[in-house]
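Visitor: Next up is a structure, given as structure tokens.
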Amino acid sequence: MAKPVIVLGGGGHSKVLIDILRKLDCRVLGIIDPNQAVGSLVHGFKVLGGDNAVFDYPPEEVELLNGMGSLPNDKGLRVRLFKAFSAEGYYFKTLIDPMAIVASDVELSTGVQVMAGVIIQAGTGIAENTIVNSGAIVDHDCRIGSHVHIAPGAVLSGAVEVGEAVHIGTGATVIQGIRIGGGSIIGAGSVITQSIDCNQIVYPARSLIKSISRDKV
Numbered sequence: 001m002a003k004p005v006i007v008l009g010g011g012g013h014s015k016v017l018i019d020i021l022r023k024l025d026c027r028v029l030g031i032i033d034p035n036q037a038v039g040s041l042v043h044g045f046k047v048l049g050g051d052n053a054v055f056d057y058p059p060e061e062v063e064l065l066n067g068m069g070s071l072p073n074d075k076g077l078r079v080r081l082f083k084a085f086s087a088e089g090y091y092f093k094t095l096i097d098p099m100a101i102v103a104s105d106v107e108l109s110t111g112v113q114v115m116a117g118v119i120i121q122a123g124t125g126i127a128e129n130t131i132v133n134s135g136a137i138v139d140h141d142c143r144i145g146s147h148v149h150i151a152p153g154a155v156l157s158g159a160v161e162v163g164e165a166v167h168i169g170t171g172a173t174v175i176q177g178i179r180i181g182g183g184s185i186i187g188a189g190s191v192i193t194q195s196i197d198c199n200q201i202v203y204p205a206r207s208l209i210k211s212i213s214r215d216k217v
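Shown next, in the form of structure tokens:
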């Protein structure tokens with residue numbers, strides 16, 4: 001029997017995830033959100049409390065769903081929650097919207113979230129806590145690192161390699177065989193035709209790449 005789910009976060013991303021849970025008839029115990037009053041309703045479910053309220057539920061009895069979104073330079077809250085609760089023995093649910101198409105041999109690690117309209121083709125592997133957002137396309141034999149966000153409408157052609165904690169912006173296109181180094185940000189609408197080192201920002205329509213420093217998570 002599937003374990004009930006606790007959703008971390010009560011913002012827009014969690015709203016989309018809760019809709020998927022409803023489609024899949026998953027039982028939701030409630031929402032963890034330190035910015036909302038305990039007992040109030042968010043997206044139709046009761047707020048259980050702040051982060052420490054998770055510990056009222058033993059890790060063997062529940063699954064967690066990471067409802068924190070992921071934006072460039074967001075201080076890595078999504079990653080910190082994933083690492084902190086994983087270290088305490090909690091399991092993060094891997095979630096696939098019924099309206100997504102995922103090839104039979106695709107490997108999805110713990111906590112991966114695949115939204116409506118996504119297509120993931122054969123031979124692809126996606127590491128833990130990664131979001132493949134609405135309408136994105138990940139073609140064959142791609143390797144996607146942990147804590148990545150592939151934003152709505154992004155396209156990764158075949159055999160693309162994406163390092164850890166990369167953000168690929170809305171509508172960006174990465175052609176086949178490209179490698180994107182960990183910690184990089186690919187701006188919305190960018191077209192990537194060459195491999196990129198770690199910790200770079202690529203702006204669309206300006207052919208500008210610059211080094212960045214990111215907070216450690």
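Note that full-length UniProt numbering has the sequence shown beginning at 1, numbered continuously upward. Where a beta carbon is used, it is the ideal one built from N, C-alpha and C, also for glycine.
1) Go through its chain and collect everything with a Cβ distance to G11's Cβ below 6 angstroms, but skip five positions before and after it.
2) Quick check on DSSP: helix, strand or coil for G12?
3) For I192 and V5, what's the separation of their Cα atoms in angstroms?
4) Tell me which same chain residues have a C-beta within less than 6 angstroms of the C-beta of Q113, skipping the five on either side of it?
5) Could you tell me how far apart the beta carbons of G9 and G76 are, in whole angstroms, since I believe they sit closer than 8 angstroms?
6) For D105, count the other beta carbons within 10 Å of its own beta carbon; 16 or more makes it buried, fewer makes it exposed. Which is it?
7) Leaving out the 5 sequence neighbours to the left and right, which residues in its chain are closer than 7 angstroms to G123 when beta-carbon positions are compared?
8) Give the straight-line distance between the Cα atoms of V47 and S195, rounded to the nearest whole angstrom.
9) Who does G49 pair with in a DSSP beta bridge?
10) If you scan the region 64 to 149 from start to end, which runs of the alpha helix (DSSP H) of 4 or more residues do you find wholly inside it?
11) Considering just the uninterrupted stretch of the beta strand (DSSP E) at I201, what are its terminal residues?
12) Rank D25, M1, K23 and D33 by C-alpha distance to the C-alpha of V7 and give the top, closest one.
13) Grouping DSSP H, G and I as helix and E and B as strand, with all else coil, what is R27?
14) Spatial neighbours of G153 within its chain, please: CB distance less than 6 angstroms, with the 5 preceding and 5 following residues excluded, ordered by chain position.
15) Quick check on G44: buried or exposed, where buried means 16 or more other Cβ atoms within 10 Å of its Cβ?
16) Output the distance between the C-alpha atoms of I31 and R143, rounded to the nearest integer angstrom.
17) Could you check which residue in A159, L41 and A165 has the C-alpha nearest to that of A151?
18) For V155, which of helix, strand or coil comes out of DSSP?
19) Count the other CB atoms, across all protein chains shown, that sit within 10 Å of the CB of residue 218; report buried if there are 16 or more and exposed otherwise.
20) Name the residue from R179, E60, V62 and G50 whose alpha carbon lies nearest to the alpha carbon of G163.
21) What does L41 pair with, by DSSP beta-bridge criteria?
22) Is it buried or exposed, R22, if we count other Cβ atoms within 10 angstroms and call 16 or more buried?
23) Does N129 pass the burial test, meaning 16 or more other C-beta atoms within 10 Å, or should it be called exposed?
Guide: Per the coordinate set shown:
1) none
2) helix
3) Between I192 and V5, the alpha-carbon positions lie close to 38 angstroms from each other.
4) If we look at Q113 and ignore the five residues flanking it on each side, its Cβ neighbours are L95 and I131.
5) Actually they are not in contact, since the Cβ atoms of G9 and G76 sit about 14 angstroms apart, beyond 8 angstroms.
6) Taking every protein chain shown into account, the CB of D105 has fewer than 16 other CB atoms within 10 angstroms, so this residue is exposed.
7) D105, H140 and D141
8) Going from the Cα of V47 to the Cα of S195 covers about 44 angstroms.
9) I32
10) The qualifying runs are 77 to 87.
11) Taken as a continuous stretch (DSSP letters only), the beta strand (DSSP E) holding I201 covers Q200 to Y203.
12) D33
13) coil
14) G135, T170 and G171
15) exposed
16) One C-alpha to the other measures close to 32 angstroms.
17) A165
18) strand
19) Residue numbering for the chain in the displayed model covers 1 to 217; residue 218 lies beyond these limits and cannot be assessed.
20) Comparing Cα positions, the closest option is R179.
21) K46
22) That one is exposed.
23) buried
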